[in-house]
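With my numbering applied, the sequence shown closes on residue 574, and no number is skipped along the way.
Just so you know, even glycine gets a beta-carbon here, dropped at the ideal spot from N, CA and C.
Report on one structure; see the data block that follows.
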Amino acid sequence: MYATVGAALAWWAKERPTTAAYIFEDEVLDYGAIESWSSRVALHLQSVGVRPGDRVGIFAANSAPWPIAALGVMKAGAVLVPLNSRFTPAELRTVLSDAGATAVIVDDSLKGVIDEANDIGDRADILTLSSIDALRVGDTEDFRIDRGPEEPIAIIFTSGSTGQSKGVILTSRTLMSTIFEATLTEEGFHRGATSILVVPLSFTPGLVWGLLMTTVIGGTLVIEKDLDPGRAVTLIERHQVEAIFGVPLIYQALAGSDEFATANLSSLKTAIVGGAAVPMPLLEAWASKGVALRQIYGMTEAGGTATATPVDEFREHPDTCGSGLMFTRVKTVRADGTDAAPGETGELVIAGPGVTPGYWNAPEITAQVFQDGWLHSGDLGTVDADGRIRFVDRLKDLIITGGINVSPVELEMAISCIDGVIECAVIAAQDEKFGETPAAIIHAESSLTEDAVLKECSKVLANFKVPRYVILRDEPLPRLPNGKISKKEIRAEYADLTQRYLKVH
């Protein structure tokens, strides 16, 4: 017997059959129901030709059948491939081909997209989400195939925000290690804990920290189809939610709702935020409700989270993200592989039991990224004398102006504190004199001016860091489905900004 998601589900179905496992749009699914439903799904998959080790995609937005379909895939011994429901046919085809997927469970409304993807590549068998839903009722079943702890149970394709998307392998061993570490170090994750999910199930936070974490610890997961800030705040209070996770945009939206002002959010024990820096006003807004927003540093390859700011340091050190976890170590190294000195900027590297064994069907990339037991992140950071880690920037995102490295993240943090700034992104613009120079793309209120941005930046940034291009826009910045700002789309949209805009200083 191995430690698997299926084994955990069977245990809770026996010990706590009437306990709510998932709540979707106020529909409650208890452990007894999801155990038998997912077993029927697994048997159905087997009956249509899915074999252990086959890759099976799920192409759908959050819904009640989504987690059952995912559990059914795993219980059939197949490998789950969660798919972004916003993929175009070409994007979908690329991921399906990379994964070698033989079947896809698709939302009925998206069937046209998968049909088109099948037309431009190897066909994958199609099962509709409605057919999964139809298996809610049936004979009580107890079926699962447990594969070895080192065998893949899921392949999670990274967002591709900085380059080619890669399939990160998740095994039972790495999953259980991630869950074990979290239950030892996070108050909001324990036997029977309640979490809320306002991000897609198809990404690492939703799949690993939401669905699979909850199922293994016998907790309750409140799943929302879309982000409705006021409703989310109400649900946190109603269900006494203990854990929430997401990007700053989510916390900003919840804090801006009418319900936030009067809500009692004291049940929240873990509120982790990643993907971008947290502006101090947002941190203080949640602190006023007794909730510590804690910066994390992590990546899909490391189970989602590799380090997080301790609760007692979230105000004192808001720009750091802890010093690793109980069994996970994070350090910085120089280009030659030697350890960086305290305070010296270097590449962040990670080692721990939750780190992926590699990328699917990509041995060369795996060999490049994993060296001497360390996962090389491609991110830059520093570690101070007390071991606190501070993210600096993506290695590829650095702006080199006049031979000096400038971190867009540092500029974005400064700009985000200016009154009237809703969100911002800093990218490199070509410059005849300096090679590159910072350009700030800002979603702003109508009252904000370029002069105001320059004035405030000049108070806290050296002259060479102050953006020489300031572009104010009414529209929100483009984002990836996981909520992160898409630098890739912004660079494409403003590829000719030096021809369209004048320097402001």
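Enclosing beta strand (DSSP E) for Glu-160 [first to last residue] | Locating residue 160 in the sequence shown gives position 91, where the first residue counts as 1. Looking at the DSSP string, Glu-160 is not in any beta strand (DSSP E); the run it does join, the alpha helix (DSSP H), is 158-168.
For Ile-248, I'd like the list of residues in its chain whose CB is within less than 6 Å of its CB, leaving aside the five on either flank, ordered along the chain.
-> Reading the sequence shown from its first residue, position 179 is the one you call residue 248. Cβ neighbours of Ile-248 beyond the five flanking positions: Met-282, Val-285.
Would you say Ala-436 touches the ligand NAD, meaning its beta carbon is less than 6 Å from a heavy atom?
-> The ligand NAD is not part of this structure, which contains no ligands at all.
Enumerate in chain order the residues of its own chain whose CB-to-CB distance from Asp-99 is below 7 Å, with the five nearest sequence positions on each side excluded.
-> Mapped onto the sequence shown, residue 99 falls at position 30. The beta carbon of Asp-99 is closer than 7 Å to those of Pro-86, Thr-87, Thr-88, Ala-89, Ala-90 in its chain, skipping five residues each way along the sequence.
With a CB to CB cut of under 6 Å and the five nearest residues on each side skipped, what residues in its chain are close to Ser-199?
-> Stepping through the sequence shown from its first residue, residue 199 is reached at position 130. Sequence-distant Cβ neighbours of Ser-199 in its own chain, meaning closer than 6 Å and more than five residues away, are Asp-177.
Got a sec, what are the start and stop residues for the beta strand (DSSP E) Thr-197 sits in?
-> For the purposes of this step, residue 197 is taken as residue 128 along the sequence shown, with counting starting at 1. Element bounds for Thr-197: 194-197.
Closest residue to Gly-190 among Ala-159, Val-529, Glu-94, Pro-379 (Cα-Cα distance) = Numbered from its first residue, the sequence shown carries residue 190 at position 121. The option with the nearest alpha carbon to Gly-190 is Ala-159.
How would you call Ile-473, buried or exposed, if buried means at least 16 neighbouring beta carbons within 10 angstroms?
-> Position 404 of the sequence shown, counting from 1, holds the residue named residue 473. So Ile-473 ends up on the exposed side.
Less than 7 Å separating the beta-carbons of Pro-507 and Val-490?
-> Taking the first residue of the sequence shown as 1, we reach residue 507 at position 438. Taking the first residue of the sequence shown as 1, we reach residue 490 at position 421. No. Outside cutoff.
Leaving out five residues before and five after Pro-218 in sequence, what residues of the same chain have Cβ atoms less than 6 Å from its Cβ?
-> In the sequence shown, counting from the first residue as 1, residue 218 sits at position 149. Contacts found: Tyr-71, Ser-241, Arg-242.
Do you know offhand how far Ala-564's Cα is from Ala-497's?
-> Residue numbering aside, residue 564 sits at position 495 when the sequence shown is read from its first letter. Residue numbering aside, residue 497 sits at position 428 when the sequence shown is read from its first letter. Straight-line Cα distance between these residues: approximately 10 Å.
Cβ neighbour criterion (16 or more within 10 Å) applied to Met-395 = Indexing the sequence shown from 1 puts residue 395 at position 326. It counts as exposed.
Excluding the 5 residues preceding and the 5 following Gln-321 in the sequence, name in chain order all residues of the same chain whose CB lies nearer than 6 Å to its CB.
-> The residue you call residue 321 lines up with position 252 of the sequence shown. Here the set comprises Leu-351.
Give the single residue among Ala-513, Ile-292, Arg-109 whose Cα lies nearest to the Cα of Met-143.
-> Position 74 of the sequence shown, counted from the start, is the residue given in the question as residue 143. Looking at the Cα atoms, Arg-109 is the closest of the given residues.
Within the same chain, show all residues whose beta-carbon is closer than 8 Å to that of Ala-483, passing over the 5 residues directly before and after it, in chain order.
-> Taking the sequence shown and counting its residues from 1, the one referred to as residue 483 is at position 414. Excluding its 5 nearest sequence neighbours in each direction, Ala-483 has C-beta neighbours in its own chain below 8 Å: Glu-525, Cys-526, Val-529, Leu-530, listed in chain order.
Any alpha helix (DSSP H) of 4 or more consecutive residues that is wholly inside the stretch 216-273 = The qualifying runs are 241-254.
Ser-230 to Ile-559 span [Cα, whole Å] = Working through the sequence shown from its first residue, we reach residue 230 at position 161. Working through the sequence shown from its first residue, we reach residue 559 at position 490. Note that Ser-230 has pLDDT 38, beneath the 50 cutoff, so the model's placement of it is unreliable and the number below is only indicative. Cα-Cα distance, rounded: 11 Å.
Nearest neighbour of Gly-585, chosen from Trp-429, Ser-107, His-259, Leu-296 [CA to CA] | This structure gives no information on residue 585, because the portion of the chain shown stretches from 70 to 574.
For Val-119 and Ala-138, believed in contact at Cβ under 8 Å, the rounded distance = Indexing the sequence shown from 1 puts residue 138 at position 69. Indexing the sequence shown from 1 puts residue 119 at position 50. Wrong, their Cβ atoms sit about 12 Å apart, outside the cutoff.
DSSP on Trp-429, reduced to helix/strand/coil?
-> Counted from its first residue, the sequence shown places residue 429 at position 360. If DSSP states are grouped into helix, strand and coil, Trp-429 belongs with coil.
Determine the extent of the alpha helix (DSSP H) in which Ser-116 is found, giving its start and end residues.
-> For the purposes of this step, residue 116 is taken as residue 47 along the sequence shown, with counting starting at 1. Element bounds for Ser-116: 100-116.
Just the Cα atoms here: how many angstroms apart are Pro-317 and Phe-212?
-> In the sequence shown, residue 317 corresponds to position 248, counting from 1. In the sequence shown, residue 212 corresponds to position 143, counting from 1. Rounded to whole angstroms, Pro-317 and Phe-212 show a C-alpha spacing of 41 Å.
In the stretch 304-346, which residue ranges form an unbroken alpha helix (DSSP H) of at least 4 residues, counting only runs that do not cross its ends?
-> DSSP assignment within the stretch 304-346 yields the following whole alpha helix (DSSP H) runs of 4 residues or more, N-terminal first: 317-324.
Stretch-stretch touch, CB-based, cutoff 8 Å, three pairs: the stretch 424-438 with the stretch 401-416 | Result no; under three Cβ-Cβ pairs closer than 8 Å.
Buried versus exposed, by CB contacts within 10 Å (16 or more), Trp-106 | As a position in the sequence shown, residue 106 is number 37, starting the count at 1. Looking at its Cβ environment, which holds 16 or more other Cβ atoms inside 10 Å, Trp-106 is buried.
Pull up the distance between the alpha-carbon of Ile-577 and that of Ser-264, whole angstroms please.
-> Nothing can be reported for residue 577: it is not among the residues displayed for the chain, which extend from 70 to 574.
Who are the Cβ neighbours of Pro-547 in its own chain at under 7 Å, not counting the five residues just before and after it?
-> Your numbering for residue 547 matches position 478 in the sequence shown. The answer, listed in chain order, is Ser-555, Glu-558, Ile-559.
The alpha helix (DSSP H) with Thr-284 in it runs from where to where?
-> For the purposes of this step, residue 284 is taken as the residue at position 215 of the sequence shown. Counted as a single uninterrupted DSSP element, the alpha helix (DSSP H) harbouring Thr-284 occupies residues 282-286.
Is DSSP giving Ser-527 helix, strand or coil here?
-> Reading the sequence shown from its first residue, position 458 is the one you call residue 527. Helix, per DSSP.
Kindly identify the DSSP beta-bridge partner or partners of Asn-474.
-> Residue 474 sits at position 405 when you count from the first residue of the sequence shown. DSSP, once it has assigned bridges, lists Ile-469 as partnering Asn-474.
Three or more C-beta pairs closer than 8 Å, one from the stretch 459-472 and one from the stretch 384-404: is that the case here?
-> Counting Cβ pairs under 8 Å, three or more are found: they touch.
Selected residue, minimal CA-CA separation from Ser-336, among Leu-323, Arg-307, Leu-480 | For the purposes of this step, residue 336 is taken as the residue at position 267 of the sequence shown. For Ser-336, the closest alpha carbon among the candidates Leu-323, Arg-307, Leu-480 is that of Arg-307.
For Glu-94, name the three-state secondary structure that DSSP assigns.
-> Here residue 94 refers to the residue found at position 25 when the sequence shown is read from its first residue. Glu-94: coil per DSSP, three-state reduction.
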